[in-house]
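Visitor:
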Amino acid sequence: MSLSTAISKIKTYFSTLLDFQSRIWVVHIFEDSITEQSFVINEDAFKEPLEWMRKRDYQSKMLDRVDKMKISQVIEIQFEDKMHRLMRVK
2 MSLSTAISKI KTYFSTLLDF QSRIWVVHIF EDSITEQSFV INEDAFKEPL EWMRKRDYQS
62 KMLDRVDKMK ISQVIEIQFE DKMHRLMRVK
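Pasting the structure below:
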């Protein structure tokens, strides 16, 4: 492996690591017409990417969608009997 290839791989690794550390989502959960919850999820507070979602048993397909979100993107995920609306804000 050449030095430039190694440096490129190191840059990519740290870029990915820093991106994970700075991601923030707003998660709004609709349970029924009366019950709603909102959370601000800052990945700086977690040890691994998508840890909050993993702890709530998001399926791997859902995790893939969330992980690929761009800043200001909004997605909706039907999860159990609730609708989760996620917006990536950073």
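Take the sequence shown: its position 16, counted from the start at 1, is 17 in our numbering, and no numbers get skipped.
Here a beta-carbon is modelled for each residue, glycine too, at the ideal position from N, C-alpha and C.
Predicted model only: the values in this text are computed from it and were never measured.
1) Specify, as a first and last residue, the run of the beta strand (DSSP E) that L87 falls within.
2) So if DSSP puts V67 in a beta bridge, which residue, or which two residues, is it bridged to?
3) Express the C-alpha separation of W53 and W26 in angstroms, rounding to a whole number.
4) What is the rounded straight-line gap between the Cα of I76 and the Cα of K83?
5) Please classify R55 as buried or exposed, where buried requires at least 16 other C-beta atoms within 10 Å of its C-beta.
Guide: Looking at the coordinates:
1) K83 to R89
2) Paired residues: none, contrary to the question.
3) 10 Å
4) 14 Å
5) With fewer than 16 other Cβ atoms within 10 Å, it is exposed.
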